[in-house]
Amino acid sequence: MANPLDTDAGSELFSSYEAELKLVQADLAQKLDQIPDLTGEPRKAAVSQAERALEEADELLGQMRLEKQNIPTSARAKVNQRFRNYESDIDASRRKLTSLSSNRAALFGSRYTDEPSGDINLEQRQQLLSGTERLDRSTQRLLSSQRLANETEAIGAETLADLHRQGEVIRHTHDTLLDSENYVDRSVKTLRGMARSMATNRVITISIITILVLLIVAVIFSKFR
Numbered sequence: 004m005a006n007p008l009d010t011d012a013g014s015e016l017f018s019s020y021e022a023e024l025k026l027v028q029a030d031l032a033q034k035l036d037q038i039p040d041l042t043g044e045p046r047k048a049a050v051s052q053a054e055r056a057l058e059e060a061d062e063l064l065g066q067m068r069l070e071k072q073n074i075p076t077s078a079r080a081k082v083n084q085r086f087r088n089y090e091s092d093i094d095a096s097r098r099k100l101t102s103l104s105s106n107r108a109a110l111f112g113s114r115y116t117d118e119p120s121g122d123i124n125l126e127q128r129q130q131l132l133s134g135t136e137r138l139d140r141s142t143q144r145l146l147s148s149q150r151l152a153n154e155t156e157a158i159g160a161e162t163l164a165d166l167h168r169q170g171e172v173i174r175h176t177h178d179t180l181l182d183s184e185n186y187v188d189r190s191v192k193t194l195r196g197m198a199r200s201m202a203t204n205r206v207i208t209i210s211i212i213t214i215l216v217l218l219i220v221a222v223i224f225s226k227f228r
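According to the numbering used here, the sequence shown is numbered sequentially starting from 4.
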C-alpha cells in the first residue's frame with residue numbers, strides 16, 4: 004500500500020488530490036471485495052461501480068502527476084515514491100477487476116449466452132452515465148485548479164504593485180536626501196563665508212583701533228614736548 008499522507012512533502016493541491024485518492028482507493032477495495040459474492044445484475048452493478056471508481060482514481064493520478072511538478076526538488080523524491088506506490092496499488096486493483104469482470108457466467112448469471120442481448124445496451128447506457136459523471140468531476144477539478152491559478156495571479160499582481168509603490172517611495176526618499184545634502188552644502192559654504200567676513204572685519208577693527216591708539220599717543224607726546 005502507499006505511504007501515509009505527508010502534507011509537508013507536497014503542495015496543498017497535491018495533498019488534496021492525495022487525500023481524495025485514498026478515499027477512492029478504499030471505496031474501490033470495498034467494491035472489489037464484494038464482487039466475488041455476487042452474480043447477475045448485482046454483480047454487473049458492482050463491476051460498473053468499481054470501474055467508475057478505478058477511472059476516478061486514474062483521473063486523480065493524472066492530476067497528481069501534473070501537480071507534483073510544482074513541488075520543490077528537495078521534497079520531490081519522497082513524493083515520487085508515494086506516487087509510484089499509488090500507481091502500483093491502482094494497477095493491482097485494475098488487474099483484479101479485469102479478472103473478476105472476465106467471468107461472464109457469474110456476471111450474467113442464468114441468462115448468460117454467447118449471443119448479444121439487450122444487456123449490452125444496458126451496459127452501454129451505464130458506461131455513458133459513468134462517462135458523464137467522470138466529465139463532471141474532471142470539470143470541477145479543472146475549475147478548482149483555475150480558481151487557484153487566478154488567486155495566485157491576483158496575489159502576484161498585488162505583490163508587484165506593492166513593490167512598485169515601495170520603489171517609488173525609495174526613489175522619492177533618495178531624491179529628498181540628495182536635496183537635503185545640497186542644502187547642507189550650501190549652508191556650510193554660507194557659514195564659511197560669514198566666518199571669513201567676520202574674521203576680516205575683526206582684523207579691520209583691530210587695525211583701526213591700533214591706529215587710533217597710536218594717533219592718541221602721538222598727540223599726547225607732541226603736547227608734552
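Idealized CB from N, CA, C, for every residue including glycine.
So residue 76 is in the alpha helix (DSSP H); what residue range does that whole segment cover?
-> For the purposes of this step, residue 76 is taken as residue 73 along the sequence shown, with counting starting at 1. For residue 76, the enclosing alpha helix (DSSP H) starts and ends at 76–104.
Residue range of the alpha helix (DSSP H) that residue 17 falls in?
-> In the sequence shown, the residue the question calls residue 17 occupies position 14. The continuous alpha helix (DSSP H) containing residue 17 extends over residues 15–37.
Just the Cα atoms here: how many angstroms apart are residue 55 and residue 66?
-> Position 52 of the sequence shown holds residue 55. Position 63 of the sequence shown holds residue 66. Each residue's Cα considered, the two are about 17 Å apart.
Distance between residue 16 and residue 150 (C-alpha atoms, nearest Å) = Position 147 of the sequence shown, counted from the start, is the residue given in the question as residue 150. Position 13 of the sequence shown, counted from the start, is the residue given in the question as residue 16. If you take the alpha carbons of residue 150 and residue 16, they lie about 12 Å apart.
So what's residue 41 in DSSP terms, helix, strand or just coil?
-> Here the question's residue 41 lines up with position 38 in the sequence shown. If DSSP states are grouped into helix, strand and coil, residue 41 belongs with coil.
Taking C-beta to C-beta, are residue 24 and residue 57 nearer than 9 Å?
-> What you label residue 24 is simply residue 21 of the sequence shown in a count that begins at 1. What you label residue 57 is simply residue 54 of the sequence shown in a count that begins at 1. Contact flag unset, no.
Residue 227 in three-state terms, based on DSSP | Position 224 of the sequence shown, counting from 1, holds the residue named residue 227. Coil, per DSSP.
Compute the Euclidean distance between the alpha carbons of residue 144 and residue 165, then round it to the nearest angstrom.
-> Locating residue 144 in the sequence shown gives position 141, where the first residue counts as 1. Locating residue 165 in the sequence shown gives position 162, where the first residue counts as 1. Answer to the nearest angstrom: the Cα atoms are 32 Å apart.
Are residue 93 and residue 139 close, meaning C-beta to C-beta below 9 Å?
-> The sequence position of residue 93 within the sequence shown is 90, counting from 1. The sequence position of residue 139 within the sequence shown is 136, counting from 1. No.
Can at least three beta-carbon pairs, one atom from the segment 27–35 and one from the segment 83–100, be found at a separation below 8 Å?
-> Segments in contact, yes.
Through-space distance from residue 79 to residue 14, alpha-carbon basis | Translated into the one-based positions of the sequence shown, residue 14 becomes position 11. Translated into the one-based positions of the sequence shown, residue 79 becomes position 76. Whole-angstrom Cα-Cα distance: 10 Å.
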